[in-house]
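Residue numbers (the working numbering), protein chains in the order written: chain G, 47 to 603; chain X, 51 to 174.
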């Protein structure tokens, strides 16, 4: 069974009270709370009698599990804005004219109920009169007698002028279609919004023409057909209504709708008769173009800000590392120098190069070297040493880098698959630095394949044809479209890199190897070296399906 | 054969003490240690070393200043100087055949064996 929709009502005045009364009677809806700073408000009083929790501050309920929808009946736009900003993701906020409309409907229902009561009374009187043999009085308006349900949909609707005027006069663009997809209502607001007149659509199934150039279903049609498949073909954003079972919410851009480009939010709900038979669907349209544009602008601005912030953080990190490195190098290497000299001294004091003491001294020496190596990596940041650039054959650089780690590949059960093009143009490169780059990439690949696997090494020359993945530094003028470049791809069959880590792998101090692995500088040094060559490096991966690192370098001319 | 006189100028006292012990133990060198640039500079004329091991970062008078003053003095200008540095990397020093700016360099931490090798190559 579907879970009950959980709603929160904010504002417990007349309108809020009406909402509490209405929703508390609906079995599929649970009111998780009613909020008003005035604890004597009529809605609060009603809630208390119904054992519904109440509060003066809506935040008490905001993070209640399963909250689907918030009704803001305060009529205050400021609260609505607050709610939009603070609501948990996925929670709908209904306020403003939607709540007014509901309130209107409630009032009308009450009126109709009153009328029905009156009519029933009158009919009883009439029946009494017939029984008494006198002439029956025919009431002016046929009562929508739910016990003797009228067969035709049109009749059910056509007779109720009250409902018609509610729909017609609503400020929300609204239309209604019957179960045969024929338009029953197309209100004034809808005419305004779409630029399509009711007289052209009423009684036809041509409502799609108001939105599209070819025939396709609208959300109301989908609700009537109850077929919620392939919706992504039709709408950019869609979801089932959180409030109305079998209702549908969709959003999309429309060009030249009523003469303007608009972003429209559609909400459709099925309409049933008392026997539960689907007889129509009501669809409302809201033009939220301005809001959407503002949102998009905000999103863009946020992304730009985030990018800038990242760049600043990166630059800060590098700067700090640079300053730290020299200091650390001096402060750490001097004691290391003393330790190493001390070890040398003790080595001369022991009779033979064996035994516990010798072994201990060897361990001390190894530790000194390890600490020194970390300092070296740090120093790579502090100095941008001039590159020794010469025209180099990338394949020969790959070959010599490979020879440095070949034994590791073999002992890790990794097969090397070379896909090297022979006539690759030469690159302008610092051979030693590029070797360091490839060795780093190879070592990371080995760590990604603890069970063994394959590593494919490709090299080829090509002409850059367009913006490519990862070439984010293109805007800095590193490469131009049409430029000839050399590409090296190193692809492994290892565990892969989770998407959230893809951008981070080249950042300093990012490591997944824990305390035993490294300090997380290897790949960031790699990136620095490639950038010093005015080249590009990026990683692609699907977690669990290996990773590919691509290096693009300028050719030597 | 006379032992070569080596002057070690470095503000790390423990380092210079160990260097002295280690080098003297080889029997090939006579070591004098000074723990400040200023004292090292004045000791040079008197000690007349065959080579100076000179730390760069020192509080009172840093290594490059000491070297400059020595180069300006007719009596000391030909004494070979090997710089000791904790800031340069071994790889950088080695990539430049141990010479930076015309001077031989040794990156700390240094092994005795390597130290002797540099001294032998540079002492006159």
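No residue lacks a Cβ here, since even glycine has one placed at the ideal position from N, Cα and C.
When the alpha-carbon of residue 237 (chain G) is set against those of G:408, G:331, G:287 and G:492, the nearest one is in G:331. Within the region 63-92 of chain X, those residues whose Cβ lies closer than 8 Å to any Cβ of chain G are, in chain order, 64, 65, 68, 69, 71, 72 and 75. In terms of CA proximity to residue 469 (chain G), G:506 leads the group G:506, G:270 and G:481. Looking at G:56, G:264 and G:109, the one whose alpha-carbon comes closest to that of residue 126 (chain G) is G:56.
Under the DSSP assignment, residue 71 (chain X) falls in the alpha helix (DSSP H) whose first and last residues are 63-75. For secondary structure counted as the alpha helix (DSSP H) over 4 or more consecutive residues, the region 225-255 of chain G holds these complete runs in sequence order: 234-240. Taking a 10 Å sphere around the C-beta of residue 406 (chain G), we find fewer than 16 other C-beta atoms and assign the residue as exposed. Using a CB distance cut-off of 8 Å, residue 383 (chain G) counts as an interface residue toward chain X. Taking a beta-carbon distance threshold of 8 Å, residue 159 (chain X) counts as an interface residue toward chain G. Residues of chain G whose Cβ lies closer than 7 Å to the Cβ of residue 137 (chain X) are, in chain order, 372, 375 and 376. As DSSP reads the structure, residue 155 (chain X) sits in a beta bridge with X:133. Identification of residues in the region 401-427 of chain G having a C-beta nearer than 7 Å to some C-beta of chain X yields 414, 418, 422 and 425, given in sequence order.
DSSP, read as helix, strand or coil, puts residue 274 (chain G) in coil. Of all alpha-carbon atoms in G:504, G:380 and G:448, the one lying nearest the alpha-carbon of residue 488 (chain G) is that of G:448. Residue environment: residue 283 (chain G) is assigned as exposed (fewer than 16 neighbouring CB atoms within 10 Å of its CB, all protein chains considered). At a Cβ-Cβ threshold of 8 Å, residue 225 (chain G) and residue 325 (chain G) count as neighbours. Judged by DSSP secondary structure, residue 214 (chain G) falls within the alpha helix (DSSP H) whose first and last residues are 207-215. Fewer than three pairs of CB atoms, one per stretch, sit closer than 8 Å, so the region 99-111 of chain X makes no contact with the region 418-425 of chain G. For the region 91-109 of chain X, the set of positions with a beta-carbon nearer than 8 Å to some beta-carbon of chain G reads 107 in chain order. Bounds of the alpha helix (DSSP H) holding residue 167 (chain X) are 162-172. Pairing residue 112 (chain G) with residue 62 (chain G), the inter-Cα distance amounts to about 21 Å.
Annotation for residue 115 (chain G): the continuous beta strand (DSSP E) segment containing it runs 113-118. Between residue 579 (chain G) and residue 475 (chain G), the C-beta spacing is below 8 Å. Judged by DSSP secondary structure, residue 547 (chain G) falls within the alpha helix (DSSP H) whose first and last residues are 545-548. Membership of residue 286 (chain G) in the beta strand (DSSP E) is indicated by the continuous run 283-286. Contact check for residue 582 (chain G) against residue 595 (chain G) fails: the beta carbons are separated by 8 Å or more.
By the C-beta criterion, the region 261-281 of chain G is judged to be in contact with the region 308-323 of chain G, since at least 3 inter-stretch pairs fall below 8 Å. In this structure, residue 69 (chain X) lies away from residue 493 (chain G), with their beta-carbon atoms at least 8 Å apart. Burial state of residue 99 (chain X) is buried, judged by a 10 Å Cβ sphere holding 16 or more other Cβ atoms. Here the region 240-254 of chain G lies against the region 284-304 of chain G, with 3 or more beta-carbon pairs under 8 Å apart. Annotation: residue 320 (chain G) is outside any alpha helix (DSSP H) and is labelled neither H nor E by DSSP. If you check the CB distance, residue 439 (chain G) and residue 499 (chain G) do not come in under 8 Å. Taking the CA atoms as reference points, residue 372 (chain G) sits about 9 Å from residue 136 (chain X).
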